[in-house]
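Residue numbers (the UniProt record's numbering), protein chains in the order written: chain A, 1 to 275; chain B, 1 to 623.
All C-beta atoms in this analysis are idealised placements derived from N, C-alpha and C, irrespective of residue type, glycine included.
To start, the structure itself, in structure tokens.
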């Protein structure tokens, strides 16, 4: 992935629209070179206010690395800085105004809010007991019981995710979600801007369109994954917890590429996509 | 929650200032081990005079008899620094040892200094590891400790571990090596399963306490309850609410039936309401109960429903109630008969609405400790404030712990609590909206506060009424709450908040910072202004090399410093490591990090008497 990044990165930088108002942060140590390598993202024509920009922190743990790198004087020029959306954390104290935050609902951050894992699943398990049959969550818990290893949901479960035509990969923490819908929403947030930026390069429309229909095959893109046996599958066929325990990485592919690769009569119940 | 010590903040353990096993002690340790006891001219102070007139061994016998009455860790540490004799005798008479960081010293040092240890309290991973900020398999292994103690302390009776990695083999060795073993308490631990528990249950014939609290226990499909020996047991406390594995209920019922000393019982989610009912009828002497699921099995209800309220009524001694893991709310009123006796109530697994909640809390006049979900809303908190005048500790957890969730509690609840519960000492409050005014009110109304932990879940969120940062609120807390020892801050915060902390937070021992501050000055204020600071955990804040260097005069006097996602450079961390040889400076990264990168994803540093550990995983670099 890295060599591809290095090739493509100058082009991707060019795509950052000059005319739009992007987040601009004054940093004492920022050289031109560093400025070029910073990927900026923000609402087009929106507030430049630094405090608002704090909200555009679609972070994963990997992203934080990039933010720190840009603070370093001895910054390396080649890196995965495209993962990074400039958080406002490291600006020097030249901020003077504080504007009530607009809620732009950034993606989940690792370990925030600081609630231990066993408290996080309350929404899906306890309340669903009210007058219902045994909830899905209960069944999954019991079936996981036989495994020797620690249940994945207790730890940060990071998987890489790539999207067709976007050279930049990301990582998502699957433990932050309880359903496919939430995951689909997160994928949209992660890639919407990058996809639009990529389209801008290739001369298409650079406007951001929501990435929808990832799960039902109706959208332009479809979400697929590679499981622990190396097989590629469509996301959404199996219960959520089963998916979480077997997924190794995710890929968002063009829907048009699925139908030609579906194979039938496999031993597994799930559909597989063989590339 | 039944064990006050383990459930309350860590600061509860070291209330008093104590530099246990600090570097000065180490110097004395080395000095003493090389010299014999009968060289009075080496003693430093007045004891030297006495030892010329009395034989040493008489003096030491007297000392021994006196020092064994010293319980407090802090007092013992002070006594051990008086002179060599006192050091030696104190070491011989200390029976309970507390080690706040398992990597601060080696097990061998422990066994060489203290010869007659019966009880060990050991803590491993730093707290931020609970929130997935640290990769798994970082360390904190119990194995070297248990194997060293197996040889040195065959009389060991109690082991209390927090955030340690404990394997089934460790538990087996423990069960084999200590015939008089009485108490095993595992808090936030992992690495073991029900097979390890079964071995402990079976072989530790004098077991009084088996408490598994918030630990990850793998289900090895072993019927560990049946592994307890036949006959009357010594069990006083059995807590397994974190064990996500079905248990043999008949065996449990039998066990409870033959445990006449059992006072504390915390069941897991897989014990139903009907089963609880049967247990209660057989154990009315319980003082602390964790109810399990508090719901029915899925089978349709039998024609005649058990009288749950009657069962609770029979438990006249219950003062501590928790559980309610899968609550069927229509059964909640069955606990009413015990409400007026309760001093501790934990509803933090139950999604209870204000309407369900108010009739219950209305009866809990004696409540001192209360944990709940924010589903009770501000309205529920107002009811708490109206009734629970003796409240000392409050914890409100989010039912929906996401940044963008609705947040049913706010400054209104906090204000109400501050007005109604004037004796409040400790609060943990998750919310989405807060105001400086409410926090200031709490600082003024609750002078007894020692622990103030406010978590405004949306990052960088200001006072939602004024739009200003939360500086003034937290400033008031440090100014007005003169007994404050633990603080966790959140919301939009500038360097000013930290200036307040440095100026007024003179007793603060534990500080948790996330997404706060503007510049290095903020951290500098704290490092220079808070002389009692022991545990510092920071994430995602703009504190860099300049700030780190400001603390060098303090790091030997602290238990640890954690900084993750802060703009630190490896070069600076290396400088610190070089300048402070007894400080272990760990840089923790994720698996696919390049060694050449200069940034530091996570810095975790701590003082150590025995140098860097020898079990470093590949994602950790010790500088």
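Please check the pair residue i and residue j, which I expect to be a contact at CB under 8 Å, by giving their CB distance rounded to whole angstroms.
i: residue 507/B; j: residue 532/B; result: 6 Å
i: residue 452/B; j: residue 114/A; result: Not confirmed; about 15 Å, so no contact.
i: residue 109/B; j: residue 94/B; result: Rounded, the Cβ-Cβ distance is 14 Å, inconsistent with contact.
i: residue 609/B; j: residue 563/B; result: In fact, because the Cβ distance is near 23 Å, the residues do not count as touching under 8 Å.
i: residue 332/B; j: residue 356/B; result: 6 Å
i: residue 258/B; j: residue 282/B; result: At roughly 10 Å, the Cβ-Cβ gap does not stay under 8 Å, so residue 258/B and residue 282/B are not in contact.
i: residue 474/B; j: residue 455/B; result: Not really, about 12 Å apart at Cβ, beyond 8 Å.
i: residue 539/B; j: residue 128/B; result: 7 Å
i: residue 238/A; j: residue 223/A; result: Not really, about 13 Å apart at Cβ, beyond 8 Å.
In its own chain, which residues sit with a C-beta less than 6 Å from the C-beta of residue i, not counting the 5 before and 5 after it?
i: residue 267/B; result: 290 and 292
i: residue 416/B; result: 381, 382 and 385
i: residue 177/A; result: 183
i: residue 80/A; result: Because the pLDDT of residue 80/A is 37, which lies under 50, any placement of that residue in the model is unreliable, and the question is left without a value.
i: residue 606/B; result: 101, 560 and 584
i: residue 613/B; result: 103
For residue i, list the residues DSSP reports as bridge partners.
i: residue 320/B; result: 288/B and 344/B
i: residue 160/B; result: 121/B and 185/B
i: residue 582/B; result: None, per the DSSP bridge assignment.
i: residue 171/A; result: 160/A
i: residue 193/B; result: 218/B
i: residue 393/B; result: 369/B and 426/B
i: residue 98/B; result: 121/B
i: residue 165/A; result: Looking at the DSSP assignment, residue 165/A forms no beta bridge with any residue, so it has no partner.
Spatial neighbours of residue i within its chain, please: C-beta separation below 7 Å, excluding the five flanking residues on both sides.
i: residue 567/B; result: 542 and 544
i: residue 177/B; result: 150 and 154
i: residue 616/B; result: 622
i: residue 204/B; result: 175 and 181
i: residue 229/A; result: none
i: residue 256/A; result: none
i: residue 277/B; result: 306, 308 and 311
i: residue 148/B; result: 107, 108 and 111
i: residue 254/B; result: none
i: residue 509/B; result: 11, 485, 486, 532, 533, 534 and 535
Please state whether the Cβ-Cβ distance between residue i and residue j is less than 7 Å.
i: residue 361/B; j: residue 384/B; result: yes
i: residue 489/B; j: residue 526/B; result: no
i: residue 168/B; j: residue 195/B; result: yes
i: residue 183/B; j: residue 209/B; result: yes
i: residue 465/B; j: residue 435/B; result: yes
i: residue 388/B; j: residue 354/B; result: no
i: residue 284/B; j: residue 315/B; result: yes
i: residue 343/B; j: residue 319/B; result: yes
i: residue 409/B; j: residue 393/B; result: no
i: residue 225/A; j: residue 247/A; result: yes
i: residue 631/B; j: residue 240/B; result: Residue 631/B cannot be examined here, being either before or after the span of chain B that is shown, 1 to 623.
i: residue 321/B; j: residue 286/B; result: no
i: residue 547/B; j: residue 524/B; result: yes
i: residue 224/B; j: residue 251/B; result: no
Hey, could you find the ends of the beta strand (DSSP E) residue i is sitting in?
i: residue 455/B; result: 451-456
i: residue 510/B; result: 510-514
i: residue 429/B; result: 426-431
i: residue 535/B; result: 535-539
i: residue 93/B; result: Counting along the chain, residue 93/B falls outside any beta strand (DSSP E), though it belongs to the alpha helix (DSSP H) covering 84-93.
i: residue 607/B; result: 602-607
i: residue 565/B; result: Element bounds for residue 565/B: n/a, residue is neither H nor E.
Whose C-beta lies closer than 8 Å to the C-beta of residue i among residues of the same chain, with five residues either side of it excluded?
i: residue 373/B; result: 347, 348, 349, 350, 351, 352, 396, 397, 398 and 399
i: residue 97/B; result: 110, 114, 117, 119, 120 and 121
i: residue 496/B; result: 469, 471 and 475
Looking at the secondary structure, which residues open and close the alpha helix (DSSP H) in which residue i lies?
i: residue 130/B; result: Here residue 130/B belongs to no alpha helix (DSSP H), and DSSP marks it neither H nor E.
i: residue 77/B; result: 73-80
i: residue 489/B; result: Element bounds for residue 489/B: n/a, residue is neither H nor E.
i: residue 244/A; result: 240-246
i: residue 263/B; result: Taken as a continuous stretch (DSSP letters only), residue 263/B belongs to no alpha helix (DSSP H), as it is neither H nor E.
i: residue 120/A; result: 117-120
i: residue 145/B; result: 143-152
i: residue 235/A; result: No alpha helix (DSSP H) contains residue 235/A, which DSSP labels as neither H nor E.
i: residue 360/B; result: 354-361
Compute every distance between the C-beta of residue i and the non-hydrogen atoms of the ligand GDP, then say whether any falls below 6 Å.
i: residue 257/A; result: In terms of ligand content, the structure shown is empty, and the ligand GDP therefore cannot be addressed.
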